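S.K.: In our numbering, the protein residues as written are 61 to 383.
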Amino acid sequence: MRIVALAGGIGGARFLRGLKEIVSPADEITVIGNTGDDIHLFGLKVCPDLDTVMYTLGGGIHEEQGWGRADETWSVKDEMKAYGVGPEWFGLGDRDFATHIVRTQMLGAGYPLSAVTEALCDRWQPGVRLLPMSDDRVETHVRITDEQGPRVVHFQEYWVRLHAAVAAEAIVPVGADTAKPAPGVLEALAAADVILFPPSNPVVSIGTVLAVPGIREAVRAAAAPVVGLSPIIGGAPVRGMADKVLAAVGVEATADAVALHYGSRTAEGLIDGWLVDTADAASVAAVEAAGISCRAVPLLMTDTGATAAMAREALALAESVRR
Ligand code: GDP
Ligand code: CA
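(1) Could you check the C-alpha separation between residue 144 and residue 152 for me, to the nearest Å?
(2) Once the 5 residues before and after residue 351 are set aside, which same chain residues still bring their CB inside 7 Å of it?
(3) Start and end of the alpha helix (DSSP H) containing residue 184?
(4) Using 8 Å as the threshold, is the C-beta distance between residue 63 and residue 289 below it?
(5) How would you label residue 160, buried or exposed, when you count the other beta carbons within 10 angstroms and need 16 or more for buried?
(6) For residue 108, which residues from the same chain have a beta carbon less than 8 Å from its beta carbon, with the 5 sequence-adjacent residues on both sides left out?
(7) Kindly provide the ranges of any beta strand (DSSP E) runs that are 3 or more residues long and lie completely inside the segment 176-236, ordered along the chain.
(8) Out of 309, 248, 260, which has the shortest C-alpha to C-alpha gap to residue 282?
(9) Does the Cβ of residue 299 have 16 or more other Cβ atoms within 10 Å, making it buried, or fewer, making it exposed?
(10) Enumerate in chain order the residues of its own chain whose CB-to-CB distance from residue 82 is below 8 Å, with the five nearest sequence positions on each side excluded.
(11) Please report how far the alpha carbon of residue 179 lies from the alpha carbon of residue 131, in whole angstroms.
(12) Can you give the Cα-Cα distance for residue 294 and residue 315, rounded to whole angstroms?
(13) Does the separation of the CB atoms of residue 331 and residue 319 fall below 8 Å?
(14) Name the residue from 272, 92, 169 whose alpha carbon lies nearest to the alpha carbon of residue 238.
(15) Are the segment 186-206 and the segment 229-238 touching by the rule of at least three beta carbon pairs closer than 8 Å?
(16) Return the chain-ordered list of same chain residues with a C-beta closer than 7 Å to the C-beta of residue 181, the five sequence neighbours on each side being excluded.
(17) If you draw a straight line from the alpha carbon of residue 169 to that of residue 163, how long is it in whole angstroms?
(18) My assumption, with CB atoms under 8 Å, is that residue 93 sits in contact with residue 184. Please give the rounded CB distance.
(19) State the start and end residues of the unbroken alpha helix (DSSP H) segment that holds residue 95.
(20) Around the Cβ of residue 122, are there at least 16 other Cβ atoms within 10 angstroms (buried) or fewer (exposed)?
(21) Just the residues with CB closer than 7 Å to a heavy atom of ligand 2, in chain order, which are they?
(22) Got a sec, what are the start and stop residues for the beta strand (DSSP E) residue 257 sits in?
(23) Excluding the five sequence neighbours on either side, which residues of its own chain have a C-beta within less than 8 Å of the C-beta of residue 262, listed in chain order?
(24) Between residue 173 and the rest of its own chain, which residues show a CB-CB distance below 6 Å, the 5 nearest in sequence each way excluded?
(25) What do you reckon, is the C-beta of residue 361 under 7 Å from a heavy atom of ligand 1?
(26) With respect to the alpha helix (DSSP H) encompassing residue 369, which residues constitute its N-terminal and C-terminal limits?
(27) Return the CA-CA distance between residue 124 and residue 274, expressed in angstroms with no decimal places.
(28) Determine the extent of the alpha helix (DSSP H) in which residue 104 is found, giving its start and end residues.
(29) In chain order, what residues of the same chain lie with their CB nearer than 7 Å to the CB of residue 104, ignoring the 5 residues before and after it?
(30) Alpha helix (DSSP H) containing residue 163: first to last residue?
(31) Could you tell me if residue 353 is buried or exposed, where buried requires 16 or more neighbouring beta carbons within 10 angstroms of its beta carbon?
(32) Within its chain, find whatever has a CB closer than 8 Å to the CB of residue 167; leave out the 5 residues flanking it on each side and keep chain order.
(33) From this set, 363, 355, 134, 135, which residue's C-alpha is nearest residue 381's C-alpha?
(34) Quick check on the burial criterion: 16 or more other C-beta atoms within 10 angstroms. Buried or exposed for residue 340?
(35) If you measure between the beta carbons of residue 260 and residue 118, is that distance less than 8 Å?
Structural data, given as C-alpha cells:
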C-alpha cells in the first residue's frame, strides 16, 4: 500500500510515528512536508517542519519539547548573544545547527532542497520518503497590527516571538503562487492508495502545502480516498495556537468547521473522510451532512499506542469510503 501524508511539524510527525507502527514493511509512506515555515537565520536555511518530521521519525527529537534535538546544548547561541547577534527568540541548539549548516552548504553547492532533504534523511533513516512540498522558496508571512502599526512579520516571528498574542489579519504564503511542487510530489499523489491529512495545522501547515499550484488539484484528482484527522478537540487546539490562524481565514476553531474548511470531495473540496475526537461526537452529523464520512474516535496522541490506534482508524475510514 502506498500512503501519502501531507504534514507540518509536531502534529504531523507524531501522527506519522503512530502510522509507521501499524503499516507492514511492504507499505510505503511518502510525506509531503510544509516548507512555508522556513527561515534564514545566521546565514543558514532552517526548515523547522521538515526537521521535526526527520528528527521525530529518526529518533533524534527532544520528546517533551516536540521540536529540536534531544540532549541539546546551546554554546553557539550563547556565543552569538555575547556578540550581540540575534535573533535570540529562535531556539537553535548546537546539534541542530549542524543540520542547518549541512543543508545550507548543499544548497550553496546547487543541490535542490529535495535532494538535500534526502541526504539528511540518509543519516536519520526516518522510514518514510520525506519530500519538501517544493524546492522553491516559500515563506509564510502574517499581517498584524500592534503598537508599531499595521505590518507584516515572518510566520516564525508571529508564532515564536509574539506567541500569536495579537490577531493575525491575513496569512500569505509568499512565493507559493509561483512555486512548483518538488519532484515526486504530484507523482506520489497520483499513485497513492490512501492520502492522509494528519492533525497538522490546517492553515499554516496543510494549507501552505495545498497553496503550491498543482498540489490541491492533484489531491482532488487522486484515485485514492482522502482522510483527515481533526487537530481541534473540544473547540481548542490540543497544543499551540492554531485557533489564531484559523480566525485569520474565517474558520471557527471546531472539529466540524475545519472539516468543512477542507470541504467534501463531492463538492469541490478535498476530503472523503474525517475523524473527530470522542469529545466532539456531537459534530459528526454536521460533517456527514456536508458529504464527508465522519467518525468520532480518541484523537489524543498521548503515546505511540494511542497514536497508532488513530492511524488504524484513519486507514479503516479510508477503506470504507474507497470508491
Ligand atoms: P507544527 O508545524 O509544529 O505546528 O505542527 P503541525 O502543524 O503538524 O501540527 C500542529 C497541530 O497539531 C496543532 O495545531 C494541534 O492542534 C495539533 N495537535 C497537537 N497534538 C495533538 C493531539 O494529541 N491530537 C490532535 N488531534 N491534534 C494535536
Ligand atoms: Ca510548522
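No residue lacks a Cβ here, since even glycine has one placed at the ideal position from N, Cα and C. These numbers come from a predicted model, not from an experiment.
M.R.: Let's see:
(1) C-alpha of residue 144 to C-alpha of residue 152: approximately 16 Å in a straight line.
(2) The residues 324, 326, 327, in chain order, have a CB closer than 7 Å to that of residue 351 in the same chain once the five nearest residues on each side in sequence are set aside.
(3) 173-184 is the span of the alpha helix (DSSP H), which, as asked, contains residue 184.
(4) The answer is no: Cβ separation not under 8 Å.
(5) Classification for residue 160: buried.
(6) When the five nearest sequence neighbours on each side are left out, the beta carbons in the same chain lying within less than 8 Å of the beta carbon of residue 108 are those of 69, 97, 98, 99, 127, 216, in order along the chain.
(7) Counting only runs of 3 or more, we get 189-192, 199-206, 209-214, 230-234.
(8) Ranking the options by Cα distance to residue 282, first place goes to 248.
(9) Residue 299 is exposed by the Cβ-count criterion.
(10) Sequence-distant partners of residue 82 (beyond 5 residues in either direction) whose C-beta falls short of 8 Å from its own C-beta, in its chain, are 368, 371, 372, 375.
(11) Distance between the alpha carbons of residue 179 and residue 131: 23 Å.
(12) One C-alpha to the other measures close to 8 Å.
(13) Yes, the Cβ-Cβ distance between residue 331 and residue 319 is below 8 Å.
(14) Comparing Cα positions, the closest option is 272.
(15) Contact check between the segment 186-206 and the segment 229-238: three or more CB pairs, one atom from each, fall below 8 Å, which counts as touching.
(16) Counting only Cβ-Cβ distances below 7 Å, and skipping sequence neighbours, we find 114, 190.
(17) The alpha-carbon atoms of residue 169 and residue 163 are separated by roughly 10 Å.
(18) About 13 Å; that fails the 8 Å criterion.
(19) According to the DSSP assignment, residue 95 belongs to no alpha helix (DSSP H), since it is labelled neither H nor E.
(20) Residue environment: residue 122 is assigned as buried (16 or more neighbouring CB atoms within 10 Å of its CB, all protein chains considered).
(21) Every residue whose Cβ sits closer than 7 Å to any heavy atom of ligand 2 is listed here in chain order: 68, 69, 94, 97, 108, 109, 261, 264, 265.
(22) Element bounds for residue 257: 254-257.
(23) Excluding positions up to five away in sequence, the list reads 291, 302, 306, 311, 318, 321, 322.
(24) Excluding sequence neighbours, residue 173 sits near 192, 195.
(25) Under cutoff, so the answer is yes.
(26) It spans 364-381 - the alpha helix (DSSP H) in which residue 369 sits, taken as one unbroken run.
(27) C-alpha of residue 124 to C-alpha of residue 274: approximately 36 Å in a straight line.
(28) Here residue 104 belongs to no alpha helix (DSSP H); instead the beta strand (DSSP E) covers 104-106.
(29) Residues of the same chain with a CB within less than 7 Å of the CB of residue 104, apart from the 5 flanking positions on each side, are 160, 161, 164 in chain order.
(30) For residue 163, the enclosing alpha helix (DSSP H) begins and ends at 154-168.
(31) Buried, by the Cβ-count rule.
(32) Hits under 8 Å: 105, 173, 176.
(33) It is 355 whose Cα lies nearest to the Cα of residue 381.
(34) Here residue 340 is buried, its C-beta having at least 16 other C-beta atoms within 10 Å.
(35) No, these two residues do not count as a Cβ contact at 8 Å.
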